Amino acid sequence: MKPRLLLYPKISVANVFAKETELLTQLQQGALNEALVLWQPDVPTLVLPSGKKWQSSSALENLLIEQGWQLFSRKTGGAPVPQVPGVINVSHMYVWDEKAPYSIPKAYQRFCEKLSAFFKRYDINVDIHATPNSYCDGDYNLNIEGKKVVGTAQRVVLKQGGGKVILAQACILIDAEIEAIISPVNLCYAHHLQEERVSAQVHTCLVEHLSHVASVESYFQNLIKAFS
Numbered sequence: 001m002k003p004r005l006l007l008y009p010k011i012s013v014a015n016v017f018a019k020e021t022e023l024l025t026q027l028q029q030g031a032l033n034e035a036l037v038l039w040q041p042d043v044p045t046l047v048l049p050s051g052k053k054w055q056s057s058s059a060l061e062n063l064l065i066e067q068g069w070q071l072f073s074r075k076t077g078g079a080p081v082p083q084v085p086g087v088i089n090v091s092h093m094y095v096w097d098e099k100a101p102y103s104i105p106k107a108y109q110r111f112c113e114k115l116s117a118f119f120k121r122y123d124i125n126v127d128i129h130a131t132p133n134s135y136c137d138g139d140y141n142l143n144i145e146g147k148k149v150v151g152t153a154q155r156v157v158l159k160q161g162g163g164k165v166i167l168a169q170a171c172i173l174i175d176a177e178i179e180a181i182i183s184p185v186n187l188c189y190a191h192h193l194q195e196e197r198v199s200a201q202v203h204t205c206l207v208e209h210l211s212h213v214a215s216v217e218s219y220f221q222n223l224i225k226a227f228s
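In terms of full-length UniProt numbering, the sequence shown has 184 at position 184, counting the first letter as 1, and numbering is strictly consecutive.
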């Protein structure tokens, strides 16, 4: 069964999340075995996770609008994630091979290996570890010289008739103004009376380590090669 490939150089967060849900359903039903979605947001959008800790409100929405940001609430947990043009997102969905027992670390490691292969195409080595004071921090960040360049997340759903479907996601900082994307995250923390704050200094972008800036299409093609 041929993998499904979708490329969106410019798309709204709401539309791409709806597309992900549609693809995930197809994998659960056995209509697909694998799908890769590469996308970049069309406008600055702060993605708010579900849960009592992060409540969407008109007050928060208005505060973000004043800074030029939209607000979108997703149905899964985590932490606030800033989405702007200059951040490329990877959504890799696939049916887990039942020959091997499912393992969260193993699934993350496989995903990070593919992402690392993308950076290798630019002769850049990445390390996989948590990055204290980064937004949406986790054990499977990709870092360049100790600074976070990729954040990852993973979700598992059951396949009809048995088996598991994995949705692995990555946000790659390609060419974004770090200070500008951290500001709405910290605004969100303050609005929800959270003590935690995110530091711009612990993040980096891919273009900071390149001799020239490539096109979005070029980055997409190298990601496709890394995942093939």
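Using N, Cα and C, we set each Cβ at its ideal position, and we do this for glycine too.
What you are looking at is a predicted structure, and each value in this text was computed from that prediction instead of being measured.
Let me check one thing: in DSSP terms, what residues is residue i bridge-paired to?
i	result
residue 93	35, 167
residue 111	Paired residues: none, contrary to the question.
residue 153	169
residue 143	127, 148
residue 45	70, 83
Using a Cβ-Cβ cut-off of 6 Å (strictly less than) and excluding sequence neighbours within five positions of residue i, which residues of its own chain qualify?
i	result
residue 204	144, 147, 149
residue 116	126
residue 91	20, 37, 169
residue 226	114, 117, 118
If you compare alpha carbons, which of the options is closest to residue i?
i	options	result
residue 78	22, 52, 31	52
residue 36	82, 89, 50, 131	89
residue 142	171, 41, 133	171
residue 3	26, 18, 17, 15	26
residue 49	87, 81, 59	81
residue 178	138, 153, 134, 216	134
residue 198	208, 207, 136	136
residue 182	200, 138, 86, 221	200
residue 194	55, 212, 114, 163	55
residue 206	176, 226, 58	176
residue 41	15, 6, 5	15
residue 110	60, 167, 180, 221	167
residue 43	11, 17, 57	11
residue 59	17, 76, 192	192
residue 180	86, 104, 224	86
In whole angstroms, what is the alpha-carbon distance linking residue i and residue j?
i	j	result
residue 157	residue 13	21 Å
residue 31	residue 107	22 Å
residue 173	residue 129	16 Å
residue 210	residue 84	20 Å
residue 152	residue 140	6 Å
residue 216	residue 228	18 Å
residue 112	residue 45	25 Å
residue 132	residue 102	28 Å
residue 162	residue 22	19 Å
residue 114	residue 5	16 Å
residue 9	residue 39	6 Å
residue 212	residue 154	32 Å
residue 196	residue 98	40 Å
residue 222	residue 208	18 Å
Please list, in chain order, all residues of the same chain as residue i whose beta carbon is under 7 Å from its beta carbon, the five residues on each side excluded.
i	result
residue 29	160
residue 219	88, 174
residue 184	46, 64, 67, 69, 82
residue 17	74
With a CB to CB cut of under 8 Å and the five nearest residues on each side skipped, what residues in its chain are close to residue i?
i	result
residue 33	1, 3, 27, 94, 95
residue 165	24, 27, 28, 93, 94, 95, 96, 156, 157, 158, 159
residue 138	130, 151, 152, 153
residue 100	106
With respect to 8 Å, is the separation between the Cβ of residue i and the closest non-hydrogen atom of the ligand GDP below this value?
i	result
residue 155	The ligand GDP is absent from the structure shown, which contains no ligands of any kind.
Check whether the stretch 181 to 200 touches the stretch 64 to 71, taking contact to mean three or more Cβ pairs, one atom from each stretch, closer than 8 Å.
-> yes
With contact counted as at least three CB pairs below 8 Å, one residue from each stretch, are the stretch 115 to 125 and the stretch 69 to 87 in contact?
-> no
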